[in-house]
Structures are given as structure tokens and as C-alpha cells.
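Enquirer: Protein chains in written order, with full-length UniProt numbering: chain A, 1 to 338; chain B, 1 to 338. Using N, Cα and C, we set each Cβ at its ideal position, and we do this for glycine too.
Protein chains: 2
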Amino acid sequence: MLSERRLQVLRAIVQDYVGTEEPVGSKALTERHNLGVSPATVRNDMAALEDEGFIAQPHTSAGRIPTDKGYRLFVDKLAGVKPMSAPEKRAIQNFLDGAVDLDDVVARTVRLLAQLTRQVAVVQYPSLTRSTVRHVELLSLAPARVMLVLITDTGRVEQRMVDCPAPFGEASLADLRARLNSKVAGRRFADVPRLVEDLPEGFDVEDRGTVSTVLSTLLETLVEENEERLMIGGTANLTRFGHDFPLTIRPVLEALEEQVVLLKLLGEAGDSGMTVRIGHENAYEGLNSTSVVSVGYGSGGEAVAKLGVVGPTRMDYPGTMGAVRAVARYVGQILAES
Amino acid sequence: MLSERRLQVLRAIVQDYVGTEEPVGSKALTERHNLGVSPATVRNDMAALEDEGFIAQPHTSAGRIPTDKGYRLFVDKLAGVKPMSAPEKRAIQNFLDGAVDLDDVVARTVRLLAQLTRQVAVVQYPSLTRSTVRHVELLSLAPARVMLVLITDTGRVEQRMVDCPAPFGEASLADLRARLNSKVAGRRFADVPRLVEDLPEGFDVEDRGTVSTVLSTLLETLVEENEERLMIGGTANLTRFGHDFPLTIRPVLEALEEQVVLLKLLGEAGDSGMTVRIGHENAYEGLNSTSVVSVGYGSGGEAVAKLGVVGPTRMDYPGTMGAVRAVARYVGQILAES
DNA sequence: GGCTGGCACTCGGACGGACAGAGTGCCAGG
DNA sequence: CCTGGCACTCTGTCCGTCCGAGTGCCAGCC
Chain A
1 MLSERRLQVL RAIVQDYVGT EEPVGSKALT ERHNLGVSPA TVRNDMAALE DEGFIAQPHT
61 SAGRIPTDKG YRLFVDKLAG VKPMSAPEKR AIQNFLDGAV DLDDVVARTV RLLAQLTRQV
121 AVVQYPSLTR STVRHVELLS LAPARVMLVL ITDTGRVEQR MVDCPAPFGE ASLADLRARL
181 NSKVAGRRFA DVPRLVEDLP EGFDVEDRGT VSTVLSTLLE TLVEENEERL MIGGTANLTR
241 FGHDFPLTIR PVLEALEEQV VLLKLLGEAG DSGMTVRIGH ENAYEGLNST SVVSVGYGSG
301 GEAVAKLGVV GPTRMDYPGT MGAVRAVARY VGQILAES
Chain B
1 MLSERRLQVL RAIVQDYVGT EEPVGSKALT ERHNLGVSPA TVRNDMAALE DEGFIAQPHT
61 SAGRIPTDKG YRLFVDKLAG VKPMSAPEKR AIQNFLDGAV DLDDVVARTV RLLAQLTRQV
121 AVVQYPSLTR STVRHVELLS LAPARVMLVL ITDTGRVEQR MVDCPAPFGE ASLADLRARL
181 NSKVAGRRFA DVPRLVEDLP EGFDVEDRGT VSTVLSTLLE TLVEENEERL MIGGTANLTR
241 FGHDFPLTIR PVLEALEEQV VLLKLLGEAG DSGMTVRIGH ENAYEGLNST SVVSVGYGSG
301 GEAVAKLGVV GPTRMDYPGT MGAVRAVARY VGQILAES
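1) Does the beta carbon of residue 152 of chain B sit closer than 8 Å to a beta carbon anywhere in chain A?
2) By alpha-carbon positions, which one of A/99, A/269, A/78 and A/5 ends up nearest to residue 15 of chain A?
3) Using a Cβ-Cβ cutoff of less than 8 Å, which residues in the same chain neighbour residue 134 of chain B once the five nearest sequence positions on both sides are dropped?
4) Restricting to runs no shorter than 4 residues, where is the alpha helix (DSSP H) found entirely within the segment 73 to 143 of chain A?
5) Taking residue 139 of chain A as the query, report the chain B residues whose CB atoms sit under 7 Å from its CB, ordered along the chain.
6) Terminal residues of the continuous beta strand (DSSP E) containing residue 308 of chain B?
7) Anyone know if the C-beta pair for residue 176 of chain B and residue 211 of chain B falls short of 8 Å?
8) Can you tell me where the alpha helix (DSSP H) with residue 182 of chain B in it begins and where it stops?
9) My understanding is that residue 65 of chain A touches residue 23 of chain A, with C-beta atoms under 8 Å, so please give their C-beta distance in whole angstroms.
10) On the DSSP bridge list, what partners appear for residue 233 of chain A?
11) Counting only C-beta atoms, is residue 98 of chain A closer than 8 Å to chain B at any point?
12) Residue 96 of chain A and residue 108 of chain A look like a contact to me (Cβ under 8 Å); what is the Cβ gap, rounded to whole Å?
13) Might you give, ordered along the chain, the residues of its own chain that have their beta carbon closer than 8 Å to the beta carbon of residue 131 of chain B, omitting 5 neighbours on each side?
14) How far does the beta strand (DSSP E) with residue 321 of chain B in it extend, from its first residue to its last?
15) Look at the alpha carbon of residue 86 of chain B and the alpha carbon of residue 101 of chain A, and state the distance between them as a whole number of angstroms.
16) Determine the DSSP secondary structure at residue 6 of chain A, reduced to helix, strand or coil.
17) Looking at residue 125 of chain B and residue 314 of chain B, is the spacing between their C-beta atoms short of 8 Å?
18) Going along chain A, which residues have a C-beta under 9 Å from residue 159 of chain B?
19) My guess is that residue 106 of chain A and residue 123 of chain A are in contact by the Cβ rule of under 8 Å, so how many angstroms apart are they, rounded?
20) Could you tell me if residue 197 of chain B is buried or exposed, where buried requires 16 or more neighbouring beta carbons within 10 angstroms of its beta carbon?
21) Could you check which residue in A/72, A/19, A/142 and A/179 has the C-alpha nearest to that of residue 169 of chain A?
22) Measuring straight from C-alpha to C-alpha, what distance separates residue 307 of chain A and residue 183 of chain A?
23) Tell me the DSSP secondary structure of residue 159 of chain B in three-state form.
24) Tell me, please, which residues DSSP counts as bridged to residue 278 of chain A.
25) Listing by chain order, which chain A residues have their CB less than 8 Å from the CB of residue 253 of chain B?
26) In the DSSP assignment, find the unbroken beta strand (DSSP E) run with residue 148 of chain A in it and report its ends.
27) In whole angstroms, give me the CA-to-CA distance for residue 166 of chain A and residue 215 of chain A.
28) Report yes or no: do three or more beta-carbon pairs, one from the segment 258 to 266 of chain A and one from the segment 281 to 288 of chain A, lie closer than 8 Å?
29) Would a check of beta-carbon distances place residue 334 of chain A closer than 8 Å to chain B?
30) Among the candidates B/192, B/178, B/232 and B/223, whose CA atom is the shortest distance from the CA of residue 202 of chain B?
31) Among residues of its own chain, excluding the 5 on either side of residue 144 of chain A, which ones have a beta-carbon nearer than 6 Å to its beta-carbon?
32) Where does the unbroken alpha helix (DSSP H) through residue 30 of chain B begin, and where does it stop?
33) What does DSSP give as the partner residues of residue 55 of chain B in its beta bridges?
34) What number of angstroms, rounded off, separates the C-alpha of residue 254 of chain A from the C-alpha of residue 237 of chain B?
35) Starting from residue 250 of chain A, find everything on chain B with Cβ-Cβ shorter than 8 Å and list it in chain order.
36) From residue 68 of chain B to residue 118 of chain B, what does the alpha carbon distance come to, in whole angstroms?
Dropping the structure here:
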């Protein structure tokens, strides 16, 4: 086990390195943090920390920089979450309060996160799986063509065309619309399949085919839309990444374009509480020199989606975590209100 | 007026520079293009071209590179649009044919453009202004709360909440729905205001307030949604930009995040035919070292939105223009079919 | 036993001069 | 009007030197 002072040294190294972006040596450390010991002692501590794999030297005779393992220890044991200041909280609230619809909420959240953390922000649209159905609308576009519109409690709207096996009258359509809504309105997506199971039975034989078709399209929509959408922003912040640009930035940009990768990334994160994935802890190779801070958010107590930021492993973890947590909290409130 | 040979020299300079990314000298030129004259002659021509402002030297005793004015001449007079090869065309068509809905069409188009041109692609969603109404749906969510859903012929769906001044019965709602659709279905957005003008008159006095409210919300939606949405992709291609990275790439990333800027950029482009804006021709400062190639696309003959790519001024103009044109053409077809 | 000061060593980055190569402009001659 | 030749300029690179920061180790002190 590492002594208390060695942990302090590690904390100091992380803080200084995050600030200066330069390897930090024993002398500079004792000058900037009053550890109460001499550089020589710190050197011994550093050697020990290096043996344990928490820090490393880029070259012999250079200062030390934290390894992924070092950051991990820092995040887990040495640093808390820095709470937002009151003015910051107010600013967040004001900024989000102006949103007019779901798209706008997500767009604003992305901008806000990017600005606060000065990193790349990723916000997942509220997921359908855990949402409830507000209304299902059916429109007759042609005798044998129906448009199905699904409206969720998070304000999302999905539409699908349905080609019916047989012409379907306005009266039947109205009937189906009414029965369907009385069954599923207000219910969770997951429950819908069970609820509509026996619906076709109430209809005339010649209409049953169409009813089944419509229902299966509805179920498909519920499932398919688990391909969640997401929005990213703040990519310009990538330019602050490092000096060895093209090589570092390219894979990150590529990863950000692959929604699948991002969704996986957010998905892997734990369901409750904040998750921090540091460097190589990220499965996706292109993000091996970045850290991802993510957290679930949602109206009410339940998380319906996730948001987070992607930045260099050398980031201000307490500040970033504070911002992410605060934003998630307020977005949740906004969603609950609307 | 510049002699024919001098134009050839300019063309050769542009081509070589685009290929090598390095200033091109007189000797290399005569070696790679058989101009039939000696380097010394070419030097004279280059001096003339430089006097006219078509090319410039980064430093004394370096080769020449084209100026924005040089690229302009090249695009206008010296180069055509390089048509896509048959296999390329097929690939485009196959790739786009798989799209399942509007979002998917746009997403695929962005990816395709980015891949073909190896640059940043920007695709505007089909605009509502010139679209027509397919259907307007009204749903009663509460006695005095109606949800309005607008469906366009391009497959876009917009929804709005309407708080009614007075409770509004199901019967009246059905009535309004029917009358409204018989008036506006299939009509162009621009015509809608005129068409619904006298609708309230057909209703009972106590319902007129609500009808007016619904109608004005509809009109607002038509107008508001001129804040068009757009999608971008291929930002990873920015890493191929140049060597002096952070400075060049940052403003571009920032511009790309500002949808307003991008929309303006596309908007400025001429309405018909392809538009190429080179370097400083772009009003937005951050894009002064980039060129934008854009073109309108749409179902039928009419352009309903624009798409294009953003790349370094040093780009392969004929190839880029060919790809942009081809993609726009096929997207138009896809939209017309669906 | 742990902390400290001192010392020799290593290494990377900055500085500066020399050099080669590419490109130019100009001029005289075909 | 084109061409070959020539002198000139500038950049990028290579190389050697130097300096400073930082380390590891050791002997001494508390």
C-alpha cells in the first residue's frame, strides 16, 4: 500500500501535468505544493510510484507523467467531483430553459457541455425503450396505404408507411385508432407487444390482415428505434489536444462520426452514477488516448439516455465530472417539465 | 489577354500543386507536362502570371502556387467537370438505394459525399418552403390541448403543441381535420396561408378561437421550419488539410458547428447549377482558406435544398464537382421515387 | 529507518554554421 | 520569341556544441 504522502505526490503530479501539459519533475513539485519534504524525497516516492505503474517518464531524465492507471487511482481515490458554482448553475439553467422542443434541448445541451468542459460533448436522444407511448395516430393516405405516427412522452415522433394487404375503410381505421390508443397510451414500450396481442380478434375477418400489418409495423418501430440517435458538438476543442496533432486527432474524429461506436461507448457505461473510462479502458482503439466521462439522465428518477464528454486523458477530471453531472441533472429537470 | 500557352502553364501548375501540395517550379513543370518549351520560357510565363495575380511564391526562390484568383480562372475556363465513371455511378446508386427514410437518405448522402471527395460533406434537409403538404393531423391530448402534426411530401414530420383558448370537442376536431386537409393537402406551403384564411368562418362561434389558434400555429410551423436542418460528415478528412494544423483546422471546425454559418454558405450559392466559392470569396472568415462546392438538389426539376463539400482551396476541382453533381442527381431521383 | 544534501550522469531541445538543392531573374545569342 | 547559361537567393537539413532539467545513488544526519 502506498503511503499517504505518495498519494499526495501522485495527486500533485496529476494536477500539475493537467495544468501545464508538461512532464513534471521533483523540484517543480516541491516548489508548487508544500509537501514539507525535499525534492530528493519526492524523487524516491516517484521511483516507487513508477515501479507500481502509476507514472512514467517519456524519456530518461525527463519529468514524470501519469499513466492511465495513475489517472484511475486519482479519479477513484484522490479527487472528488468539483461542484459547480452558483452562478454557473444559474447559467446552465438559463441556457437550457430557453429550449422550445426536444431537438432544441439536445442541441443546447451539447453546446453547453462543450462550452463548460471545453471538450467534445456527446448527448444521446432520450431513448424510446424506456419511454412511454403518448399517442399513436393512423392516417389514411390511400385506400390501402396508412401512415403510422408514434408520439412518445419525451416528445419524439416517429412515422412509418404501411402498405395494407386489403383496402381499409375510414371507419375501421378510426376504430383501430381508438382501440389501439386505449390499450397503449401511457404504457411503456416494453409492455406494448403484450398489450396489443389480441387486438386483431375484435375486427372483421377481412380487416384482420391489415390490423396485423399495422401492429407489426408499430412493434418494429419500437424496436428499430433503439438505434438511438445522438448529437455531438465542440469538435473544435480537439485542436487543444496536443502538439502531435494529425495522429491523435484523426482517429478521434473518425470515432465521433461512427455513431455506432459512440453509442456503444455510452452504452458500456454503468447504468447509474457517473462513469469515467480512461485511455485504454476504452474498447475502441482510436480513443485510447482519450477519456470518456458519461452519466445517465432522464426525467424523474429514471435514466432514459446518456450524455458525456470525450477529452484527452490529461483532463481536469473533477471539473469535467462536475459539469457533466450538473448538466445531466438540469436536462432531466427540463424533460420532466415538458 | 493571356496567351494559350500561359493558360496551359497555369493549368499545369494547378494540377501539379493539387497533386503534390508543394510549390511547383519551372523545371518540374516542363518535365511532367510536355509543353514543348524550355524551363526558361516557362519562367517568363510564370512571371507574367504572377504579375496578373494568378500565382504567387511563398518565398523568393521557391516554386509558385496558385492564388484564389488563379483557382478561379482554372475553374471557370481551364477545367471541366469530371464525369463519374460507370462503376462509380452504380456504386452511388446502390449506396443510396438502401435508404429507408428521410433521415437515412440524408445520412447516406453525407457519408457518400465525404467518401467520394475525401472532404467534409454538408447536406441540407429538403426545405419545407418549396415542399407541399401531404397531410395535417390533429390529435386531442386533453380537452383544451391539441397536437398538430404536419407531414410533408418529402417525408418530413413536424409536430407542435397547441393550447386552445376553449375546450374543443372530438367532433369539432374531426371536422376541422377534414376541412383543413381538403384545403391544403397536396398544396405548396406558400399557398397555405391564403387557402385557410376563411376556414374559421365555417365553425360555431365558440370554436372559432381554437380554430384560429390551430391555424396560426400551423402557419408558424411552416415559417419557422425555414430554420433548416443540416447534416455534416467527413470531418476526419480535415486532417489531410495541411501541415500547419491547429491554425487551419480550428476555424473550420468552428464554422462547421455553426449551422447558421453553413446555411448561409449554402444559401449564398446560386439557385441553379453548381457554385464554387474559392478561399476569400467565402464571406465567413474562418473559411478563407477553404473552397465550397455546392449545388441544389430536389425531386422533380426543382431544387428543394442544397448539398456540397468544404475542402482546402487546393482541391481537385473537376473531380469534386463531378462527385457533387452526380450525388445531387441521384439523391433527387431517390426523393422523387419515395 | 526515513529524510536530506550533494554529486555525477544522461538526455533532449535550442542555437548556429555549413552545405546542398531548387528555383529564380536576367542576359546574350540563335 | 525562344533558349541556354550564369549568378544569386533562399530554404531545409545536417551536425556539432552547449545548457538546463531531471534523475539515481550515496553518505550523512536526525
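Expert: Inspection of the coordinates gives the following:
1) no
2) A/78
3) 151, 152, 153, 185 and 186
4) 86 to 97 and 102 to 117
5) 135 and 137
6) 305 to 312
7) yes
8) 170 to 184
9) 5 Å
10) A/121
11) no
12) 6 Å
13) 152, 153, 154, 156, 188, 189 and 304
14) Residue 321 of chain B -> not in any beta strand (DSSP E); alpha helix (DSSP H) instead, spanning 317 to 337.
15) 44 Å
16) helix
17) no
18) 101, 149, 151, 155 and 157
19) 5 Å
20) exposed
21) A/142
22) 33 Å
23) strand
24) A/291
25) 235, 236, 238 and 239
26) 145 to 152
27) 15 Å
28) yes
29) no
30) B/178
31) 164 and 167
32) 26 to 32
33) B/66
34) 9 Å
35) 236 and 239
36) 21 Å
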